[in-house]
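Comments concern the structure below.
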Amino acid sequence: MKKFALIVAGGTGTRMGHELPKQFIELAGKPILMRTIECFHSYNHSISVVLVLPTKQVMLWKQLCEKHDFTLPHVLAEGGNSRFQSVKNGLSKLPENGLVFIHDGVRPLVSEQTIANCEHTALDKGNALPVMPLIESLRQIDGKKNKHVERSNFRLVQTPQTFRIGLIKEAYLQPENPEFSDDASVFESLGHTIQLVNGNSENIKITLPSDLKIAECLFYPNNKVNS
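In short: position in the sequence shown from 1, add 96, done, that's the working numbering.
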C-alpha cells in the first residue's frame, strides 16, 4: 500500500518572538521543518511527502532548501485560511487509496516507533492517533468553581494522526466546524471510533522559545537524523 506523509506547516514566529515563521527556525543547523521531513524519510524512504505551506512562504522555503542543500523529494500544496482547509488542500494531492500520516511541521522529534505504531494500527483498523498519558494533576474549571478530575481518564494528543486515505478524504468533505480541533475530531464526527496508540514523550510541538531549547537538548543526544 502506498504511504504518504502530509506535513502541515502554516505557523508564524509570533509566540516564538522570532521574525521567521517557527517552522523555518533552525534546529541543529537546519530548519525545523526539514528535520520533521527527515523523520519520515528515515523511517521509510518510500513514503511520499506532501508539504502544505502558505503561498507567501513558498519562495522562502525554496531558498532555504537551496541554502541547506535539502533535496529530499516532496510535493507542495497551498495552505488554506485554517488548518482544516490546509489539510483538505493537501489531501487533494493524494490518490484515493493508501495510507496518510498527517503531521505537524513543528514536531521534528517523532520517533520511528511512534510512526510504526500508527502505521500498523491504521492498516488494520483504518486510523491511529498517537497519545501520551498525563503526568500532571488536572482541575476542571466550571464558571467560578473548579474541581479535581482523574488524569488517568485523559490522554495528550500528538501527531502523526494516521488514516486510510479514502476514509479521511470522505471526512474532509464535511463543512468546516469550529469544534474540529484536529484530524481525529473531523474523522470521529462521521461516527468512526478513534484507535489510540503509544506516542513518544519527545514528540513535542515547538511553539514557544522554551520548546526550542528542550528540542535542542533532546535532538543532540539522539542525533538520529543529524547529518
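All residues carry an ideal CB built from backbone N, CA and C; glycine is no exception. Treat the numbers as computed from the prediction; the structure is a model and nothing was measured.
Note to self: Checking 8 angstroms against the spacing of the C-beta atoms, do residue 291 and residue 212 come in under that value?
What the structure shows: As a first step, residue 291 is located in the sequence shown; it is residue number 195 there, counting from the start. As a first step, residue 212 is located in the sequence shown; it is residue number 116 there, counting from the start. For residue 291 and residue 212, no; Cβs fall outside 8 angstroms.
Next item on the list: Give me whichever residues DSSP pairs with residue 315 in a beta bridge.
Entry: Translated into positions along the sequence shown, residue 315 becomes position 219. BP columns for residue 315 are empty, so no partner.
Item checked: Residues near residue 186 by beta carbon distance below 6 angstroms, same chain, minus five either side -> By 1-based counting over the sequence shown, the position of residue 186 is 90. Excluding positions up to five away in sequence, the list reads 102, 146, 148 and 173.
Notebook entry, point to check: In or out: residue 393 buried (at least 16 other Cβ within 10 Å) or exposed?
Noted result: The question about residue 393 has no answer, for the chain in this structure spans 97 to 323.
Notebook entry, point to check: How is residue 321 classed by DSSP in three states: helix, strand or coil?
Noted result: For this step, residue 321 is matched to residue 225 along the sequence shown. The predicted position of residue 321 is uncertain, since its pLDDT is 43 and thus under 50; a value taken from the coordinates is nonetheless stated next. Coil at residue 321, not helix or strand.
Item checked: Residues that DSSP places opposite residue 236 in a beta bridge -> Counted from its first residue, the sequence shown places residue 236 at position 140. 243.
Check: For residue 278, which of 132, 252 and 207 has the nearest alpha-carbon?
Finding: For the purposes of this step, residue 278 is identified with residue 182 of the sequence shown, where counting begins at 1. Among 132, 252 and 207, the Cα nearest to that of residue 278 is on 252.
Item checked: residue 135, buried or exposed, once every other Cβ within 10 Å from all chains shown has been counted against 16 -> In the sequence shown, residue 135 corresponds to position 39, counting from 1. Buried, by the Cβ-count rule.
Check: In angstroms, rounded to a whole number, what distance separates the CA positions of residue 183 and residue 243?
Finding: For the purposes of this step, residue 183 is identified with residue 87 of the sequence shown, where counting begins at 1. For the purposes of this step, residue 243 is identified with residue 147 of the sequence shown, where counting begins at 1. Cα to Cα, the separation comes out at about 36 angstroms.
Notebook entry, point to check: DSSP beta-bridge partners for residue 134?
Noted result: Taking the first residue of the sequence shown as 1, we reach residue 134 at position 38. The partner list for residue 134 (beta bridge, DSSP) is empty, contrary to what the question assumes.
Next item on the list: Give the single residue among 208, 162 and 105 whose Cα lies nearest to the Cα of residue 299.
Entry: Counted from its first residue, the sequence shown places residue 299 at position 203. Taking only the C-alpha atoms, the option nearest residue 299 is 208.
Item checked: Burial state of residue 215, where buried means 16 or more other Cβ atoms lie within 10 Å -> Taking the sequence shown and counting its residues from 1, the one referred to as residue 215 is at position 119. Residue 215 should be labelled buried.
Checklist line | Best match in 189, 125 and 257 for proximity to residue 161 [C-alpha to C-alpha] | finding: For the purposes of this step, residue 161 is taken as residue 65 along the sequence shown, with counting starting at 1. Looking at the Cα atoms, 125 is the closest of the given residues.
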